[in-house]
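Trainee: So that we are looking at the same thing, I have put the structure below in structure tokens.
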Ligand code: ATP
Ligand code: MG
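Here it is in structure tokens:
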């Protein structure tokens, strides 16, 4: 029987609650006769590790992850450590070290979820946002000079390379092509950002010629936020830069009902390295340790993990179990207006998988 090696990195805050919940659900799926098994390996990296060792993960951490088939990640964030340290010291280190250049963020309104757009039915909102995950505004290029002086300067350079834009554009067109509507919106800001974003537009046009069956359009990122609210059904697959997609996908998650539900995959499409799957929410220290965390975002991330492993049937079984749980208001956590605990939601999904 096939055995998949899964690295589990709970990280900080509610990551420590939702990642073990995700593991339980995957285990239940395997025990329910999926025809494969999991070998989990947990890594205690994050804020506590930082306090003990002065870094978020060991120097040879990437080497330990490399032989894994996939990574399930929780969240990195600690109220006592600056955000840029936690982010760059762990999550981004893995994303960049493993060249996970495509960040894929599906959004749908799951059954039973009360979403804020009242005129919008679940059928109107079925999106996948593709976020460029390796360069752009978060390339880490820039610096500060004359710190603390009146003449201080600070820059964050949005660095885009032709190769980097081509590969994310091709990934997005291919993903759009694989979906029923074959519809791609290329998000841009080339009216104001007149160098890198103009190249982005040119490359979109060039790559589009390889995909004559994909309908595509361009939208400015500001206009795109309004379109997501006013005409959700006009969108299907979107591709945007690192910063733009970061913002659009939080909006998308909120429109789908809760930050606690939304999943994401940091993917190396060439499969040279393990890809990493995680809920989009952060460490949420305000609710940690109380059993209030909604594990659905992690479960949906497990669905993406299974799809990435090529286990499409198991992925649909898990998605069906998740949807049958969200459909029951008695199994909603507090962020959805309910009173169920993390453990109750997890057990309900596991029970459906064991049936
Ligand atoms: P970080 O600094 O790591 O991003 P954060 O404290 O900003 O973490 P987020 O995860 O971004 O927290 O979420 C903002 C708020 O949304 C949280 O404070 C929490 O109340 C709520 N929230 C987020 N995720 C969940 C979840 N899975 N279940 C329930 N509530 C959640
Ligand atoms: Mg946050």
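Residue numbers (UniProt numbering): 1 to 355. Note that the Cβ used here is the ideal one computed from N, Cα and C, for glycine as well. Treat the numbers as computed from the prediction; the structure is a model and nothing was measured.
Is it the case that the segment 66-78 contacts the segment 6-24, given that we only count it when at least three CB pairs across the two stretches are under 8 Å?
Mentor: yes
Trainee: Would you mind reading off the limits of the beta strand (DSSP E) that contains residue 230?
Mentor: Position 230 of the chain shown, counted from the start, is the residue given in the question as residue 230. Taken as a continuous stretch (DSSP letters only), residue 230 belongs to no beta strand (DSSP E), being part of the alpha helix (DSSP H) at 221-230.
Trainee: Over the uninterrupted alpha helix (DSSP H) stretch that includes residue 137, give me the two end residues.
Mentor: Your numbering for residue 137 matches position 137 in the chain shown. Looking at the DSSP string, residue 137 is not in any alpha helix (DSSP H); the run it does join, the beta strand (DSSP E), is 136-145.
Trainee: Which value, in whole angstroms, describes the spacing of the CA atoms of residue 324 and residue 111?
Mentor: Position 324 of the chain shown, counting from 1, holds the residue named residue 324. Position 111 of the chain shown, counting from 1, holds the residue named residue 111. Their backbone Cα atoms lie some 8 Å apart in a straight line.
Trainee: Taking 7 Å as the cut-off, is the CB of residue 9 close to at least one heavy atom of ligand 1?
Mentor: To locate residue 9, count along the chain shown from 1; it is residue 9. Residue 9: no, Cβ never under 7 Å from ligand 1.
Trainee: Is any heavy atom of ligand 1 found at a distance shorter than 7 Å from the C-beta of residue 106?
Mentor: For the purposes of this step, residue 106 is taken as residue 106 along the chain shown, with counting starting at 1. Checking the Cβ of residue 106 against ligand 1 gives no.
Trainee: Taking 7 Å as the cut-off, does the CB of residue 285 come closer than this to any heavy atom belonging to ligand 1?
Mentor: Residue 285 sits at position 285 when you count from the first residue of the chain shown. True, at least one ligand heavy atom lies under 7 Å from that Cβ.
Trainee: So, are the CB atoms of residue 184 and residue 239 less than 8 Å apart?
Mentor: As a position in the chain shown, residue 184 is number 184, starting the count at 1. As a position in the chain shown, residue 239 is number 239, starting the count at 1. In contact: residue 184 and residue 239 (Cβ atoms closer than 8 Å).
Trainee: Whole angstroms are fine: how far does the CA of residue 23 sit from the CA of residue 346?
Mentor: Position 346 of the chain shown, counted from the first residue, corresponds to residue 346. Position 23 of the chain shown, counted from the first residue, corresponds to residue 23. When rounded, the distance between both Cα atoms is 10 Å.
Trainee: Checking the sheet assignment: what are the DSSP bridge partners for residue 129?
Mentor: Within the chain shown, the letter at position 129 stands for residue 129. The partner list for residue 129 (beta bridge, DSSP) reads 105 and 238.
Trainee: With 16 other CB atoms within 10 Å as the buried threshold, where does residue 333 fall?
Mentor: As a first step, residue 333 is located in the chain shown; it is residue number 333 there, counting from the start. Buried is the call here.
Trainee: Just checking my contact of residue 297 with residue 274 at CB under 8 Å: how many whole Å lie between their CB atoms?
Mentor: Here residue 297 corresponds to residue number 297 of the chain shown, with the count starting at 1. Here residue 274 corresponds to residue number 274 of the chain shown, with the count starting at 1. Between residue 274 and residue 297 the Cβ distance is about 20 Å, and since that is not below 8 Å, they are no contact.
Trainee: Which residue's Cα is closest to the Cα of residue 319: 49, 350, 140 and 244?
Mentor: As a first step, residue 319 must be located in the chain shown, where it is residue number 319. The option with the nearest alpha carbon to residue 319 is 350.
Trainee: Among the residues of its own chain, which have a CB less than 6 Å from the CB of residue 138, if the five just before and after it don't count?
Mentor: Counting from 1 along the chain shown, the entry for residue 138 is found at position 138. Taken in chain order, the residues that qualify are 242.
Trainee: Below 6 Å CB to CB, which residues in the same chain sit around residue 208 once its five sequence neighbours on both sides are set aside?
Mentor: In the chain shown, the residue the question calls residue 208 occupies position 208. Around residue 208: 216.
Trainee: Residue 171 by DSSP, collapsed to three states: which one?
Mentor: Numbered from 1 along the chain shown, position 171 holds the residue referred to as residue 171. Of the three classes helix, strand and coil, the one that applies to residue 171 here is helix, per DSSP.
Trainee: How about residue 293: is its Cβ closer than 7 Å to a heavy atom in ligand 1?
Mentor: For this step, residue 293 is matched to residue 293 along the chain shown. Yes, Cβ of residue 293 sits closer than 7 Å to a heavy atom of ligand 1.
Trainee: Please report how far the alpha carbon of residue 5 lies from the alpha carbon of residue 136, in whole angstroms.
Mentor: One-based indexing of the chain shown puts residue 5 at position 5. One-based indexing of the chain shown puts residue 136 at position 136. Going by C-alpha positions, residue 5 is about 32 Å away from residue 136.
Trainee: According to the Cβ coordinates, are residue 267 and residue 104 closer than 8 Å?
Mentor: Position 267 of the chain shown, counted from the first residue, corresponds to residue 267. Position 104 of the chain shown, counted from the first residue, corresponds to residue 104. Cβ atoms of residue 267 and residue 104: closer than 8 Å.
Trainee: Closer than 7 Å: is that where the CB of residue 303 sits relative to any heavy atom of ligand 1?
Mentor: Taking the chain shown and counting its residues from 1, one reaches residue 303 at position 303. No, Cβ of residue 303 sits at least 7 Å from all heavy atoms of ligand 1.
Trainee: Where DSSP assigns a beta bridge to residue 273, which residues make up the other side?
Mentor: What you label residue 273 is simply residue 273 of the chain shown in a count that begins at 1. DSSP output for residue 273 lists no bridge partner at all.
Trainee: Is residue 279 near ligand 1, going by C-beta to nearest heavy atom under 7 Å?
Mentor: One-based indexing of the chain shown puts residue 279 at position 279. Yes, ligand 1 has a heavy atom inside 7 Å of this Cβ.
Trainee: Going along the chain, which residues of its own chain have a beta-carbon closer than 8 Å to the beta-carbon of residue 157, five neighbours each way excluded?
Mentor: Numbered from 1 along the chain shown, position 157 holds the residue referred to as residue 157. The residues 139, 141 and 142, in chain order, have a CB closer than 8 Å to that of residue 157 in the same chain once the five nearest residues on each side in sequence are set aside.
Trainee: Would you say the beta carbon of residue 288 is closer than 7 Å to some non-hydrogen atom of ligand 4?
Mentor: What this structure holds is ligand 1 and ligand 2, not ligand 4.
Trainee: Can you tell me where the alpha helix (DSSP H) with residue 280 in it begins and where it stops?
Mentor: To locate residue 280, count along the chain shown from 1; it is residue 280. Run containing residue 280: none; DSSP gives neither H nor E here.
Trainee: Could you check whether the segment 78-92 touches the segment 300-308, counting it as contact only if at least three pairs of C-beta atoms, one from each stretch, sit closer than 8 Å?
Mentor: These segments do not touch.
Trainee: Rounding to the nearest angstrom, what Cα-Cα distance links residue 45 and residue 10 in this structure?
Mentor: Translated into positions along the chain shown, residue 45 becomes position 45. Translated into positions along the chain shown, residue 10 becomes position 10. Going from the Cα of residue 45 to the Cα of residue 10 covers about 8 Å.
Trainee: Distance check for residue 7 and residue 68, CA to CA, integer angstroms please.
Mentor: Position 68 of the chain shown holds residue 68. Position 7 of the chain shown holds residue 7. The alpha-carbon atoms of residue 68 and residue 7 are separated by roughly 6 Å.
Trainee: For residue 249, which residues of its own chain have a beta-carbon under 7 Å away from its beta-carbon, when the five flanking residues on both sides are left out?
Mentor: Translated into the one-based positions of the chain shown, residue 249 becomes position 249. If we look at residue 249 and ignore the five residues flanking it on each side, its Cβ neighbours are 105, 129, 131 and 280.
Trainee: I need the DSSP call for residue 93, collapsed to helix, strand or coil.
Mentor: The count along the chain shown starts at 1 and reaches residue 93 at position 93. Of the three classes helix, strand and coil, the one that applies to residue 93 here is helix, per DSSP.
Trainee: Comparing alpha-carbon positions, which option in 20, 300 and 259 lies nearest residue 335?
Mentor: As a working note, residue 335 is residue 335 in the chain shown. Looking at 20, 300 and 259, the one whose alpha-carbon comes closest to that of residue 335 is 259.
Trainee: Given a cut-off of 8 Å on the beta-carbon distance, is the pair residue 214 and residue 244 in contact?
Mentor: Residue mapping note: residue 214 aligns to position 214 of the chain shown, counting from 1. Residue mapping note: residue 244 aligns to position 244 of the chain shown, counting from 1. Not closer than 8 Å, so no.
Trainee: Which of helix, strand or coil does DSSP assign to residue 60?
Mentor: Position 60 of the chain shown, counted from the start, is the residue given in the question as residue 60. Reduced to three states, the DSSP call for residue 60 is coil.
Trainee: Is the Cβ-Cβ distance between residue 353 and residue 102 less than 8 Å?
Mentor: Walking along the chain shown from the start, residue 353 turns up at place 353. Walking along the chain shown from the start, residue 102 turns up at place 102. No, Cβ-Cβ distance for residue 353 and residue 102 is not below 8 Å.
Trainee: Quick check: residue 256 and residue 125, are their CB atoms within less than 8 Å of each other?
Mentor: The residue given as residue 256 occupies position 256 in the chain shown. The residue given as residue 125 occupies position 125 in the chain shown. Yes; because the gap between Cβ atoms is below 8 Å, this pair is in contact.
Trainee: How big is the Cα-Cα spacing for residue 188 and residue 83?
Mentor: Taking the chain shown and counting its residues from 1, the one referred to as residue 188 is at position 188. Taking the chain shown and counting its residues from 1, the one referred to as residue 83 is at position 83. For residue 188 and residue 83, the distance between alpha carbons rounds to 27 Å.
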